[in-house]
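Okay, structure first, notes after.
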Ligand SMILES: Cc1cc2nc3c(=O)[nH]c(=O)nc-3n(C[C@H](O)[C@H](O)[C@H](O)COP(=O)(O)OP(=O)(O)OC[C@H]3O[C@@H](n4cnc5c(N)ncnc54)[C@H](O)[C@@H]3O)c2cc1C
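In my numbering, the protein residues as written are 393 to 773.
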């Protein structure tokens, strides 16, 4: 069977892309093997929320997520130079909220709701080959299909990226991220509170009522040890790490640990093949950028296919993939550079880097135009 577009990967960016391609009338096939529940949550900034609403991926942000109206940063390092405490408030830039915090599993359920006709294959892709019809794509059972355009939304270890010759570079970190849902006696409503430690931030993201989503970056071994603690000891550790500001902690879920790495891909579209989401970029979850960037990939994918009509040719497909690459370049470089610089400065024991960070937080706290610029940047605009 021949398709206009084959999308590989059943994560958030793959499901969004498959749905939006099918809704535009393209003959779409989606390879989406079943995977274990995604326990991560995502803080998505207002421009991303607006994109999801405009395209119908979600219908109401406030029933699905929790607003993020303030961000508090507390430097708890023992370093010689410590940054001042800072509070950022969305009302300063005349917006109601910076964004919303969503459970990834809730977003996936919302993204999947569409009557647009597409074929979903619950199987992993084992091989993808360039042919004179576009691409031949084989799945685990040995069956194969062909498609004029292929979209790799198959995550950090993308087979599509590696087998189609997209170059990439990966840097692994000693740090991982631990996530868990926790209830405290009291919380700062609609405020994300970040405690900055030597090995990375310990962030409490509001999840409605007294519930928070913990995102804790630290050395991998330390997090593995914490994840294996009995619930009462884990709770005590969380109370200590949050300086007992919020009273008792009650873990509501198990803790899950995600190893962290950076992935940079210089070209993300060529020869009718496009890379989307973590197949095209990955970095540590600081500054809430990963899925925001992934959904901006989806937005540019939609802009690229909006120039095509169903049954498009290989020549048109090649052109659209190049256009997609052009559309993504500035955003990918800017966001990748921002997160990498921020992550390294947070972990640095090097005195000038500490000074730069301290100066940066001081400037953000005190210089209004710089604060506004930083707000716009953090929101991806
Ligand atoms: C702890 C943590 C917290 C985070 N918090 C935020 C946040 O607050 N805000 C934010 O914007 N981002 C955040 N992120 C990043 C965000 O979670 C990711 O960017 C996003 O979930 C990636 O989605 P994806 O669809 O690109 O990839 P994935 O979710 O990795 O999906 C890839 C899919 O491809 C499938 N697949 C793989 N190989 C094949 C194959 N051969 N054939 C078919 N399918 C295949 C896999 O099964 C998987 O379902 C966070 C990340 C972490 C680790």
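The beta-carbon is built from N, C-alpha and C at its ideal position, and this holds for glycine as well.
Collapsed DSSP secondary structure at residue i in the structure displayed
i: residue 423; result: strand
i: residue 467; result: strand
i: residue 640; result: coil
i: residue 395; result: strand
i: residue 572; result: strand
i: residue 590; result: coil
i: residue 610; result: strand
i: residue 392; result: Residue 392 lies beyond the residue range present for the chain, which begins at 393 and ends at 773; the question has no answer from this structure.
i: residue 595; result: strand
i: residue 555; result: helix
i: residue 628; result: helix
i: residue 645; result: coil
i: residue 462; result: strand
i: residue 620; result: coil
i: residue 579; result: coil
i: residue 549; result: coil
i: residue 560; result: coil
i: residue 454; result: helix
Same chain, Cβ closer than 8 Å to residue i, five either side skipped, listed in chain order
i: residue 506; result: 411, 414, 415 and 448
i: residue 659; result: 558, 559 and 717
i: residue 477; result: 464, 465, 466 and 467
i: residue 567; result: 591, 592, 609, 610, 611, 612, 652, 676 and 739
i: residue 625; result: none
Contact check, residue i vs residue j, beta carbons under 9 Å
i: residue 687; j: residue 542; result: no
i: residue 423; j: residue 403; result: no
i: residue 540; j: residue 705; result: yes
i: residue 589; j: residue 573; result: no
i: residue 595; j: residue 581; result: no
i: residue 653; j: residue 551; result: no
i: residue 400; j: residue 517; result: yes
i: residue 674; j: residue 682; result: yes
i: residue 690; j: residue 409; result: yes
i: residue 406; j: residue 545; result: yes
i: residue 526; j: residue 709; result: yes
i: residue 576; j: residue 638; result: yes
i: residue 445; j: residue 494; result: no
i: residue 644; j: residue 603; result: yes
i: residue 537; j: residue 421; result: yes
Contact test: residue i Cβ vs ligand 1 heavy atom, cutoff 8 Å
i: residue 403; result: yes
i: residue 533; result: no
i: residue 547; result: yes
i: residue 496; result: yes
i: residue 576; result: no
i: residue 453; result: no
i: residue 432; result: yes
i: residue 551; result: yes
i: residue 571; result: yes
i: residue 647; result: no
i: residue 567; result: no
i: residue 518; result: yes
i: residue 694; result: no
i: residue 681; result: yes
i: residue 650; result: yes
i: residue 521; result: no
i: residue 643; result: no
i: residue 668; result: yes
i: residue 493; result: yes
i: residue 659; result: no
i: residue 671; result: yes
i: residue 400; result: yes
i: residue 597; result: yes
i: residue 618; result: no
Spatial neighbours of residue i in its chain, beta-carbon cut-off 6 Å, leaving aside the 5 residues before and after
i: residue 498; result: 456
i: residue 535; result: none
i: residue 430; result: 496 and 497
i: residue 584; result: 460, 463 and 597
i: residue 719; result: 692
i: residue 640; result: 577
Nonlocal neighbours in the same chain, by C-beta distance under 7 Å from residue i, ignoring five residues either side
i: residue 479; result: 462 and 464
i: residue 702; result: 396, 417, 418 and 419
i: residue 774; result: Residue 774 lies beyond the stretch modelled for the chain, which goes from 393 to 773, so this question has no answer here.
i: residue 561; result: 656
i: residue 426; result: 514
i: residue 779; result: Not covered by the structure: residue 779. The range shown for the chain is 393 to 773.
*Would you list, in sequence order, the uninterrupted beta strand (DSSP E) runs of no fewer than 3 residues that lie entirely inside the stretch 656-726?*
665-667
*asked:* Please give the ranges of any alpha helix (DSSP H) in the stretch 400-452, keeping only runs that are unbroken, at least 4 residues long and fully inside the region.
replied: 404-415 and 438-447
_List, from N- to C-terminal side, the alpha helix (DSSP H) runs of 4 residues or more that fit wholly inside the stretch 476-540._
496-504
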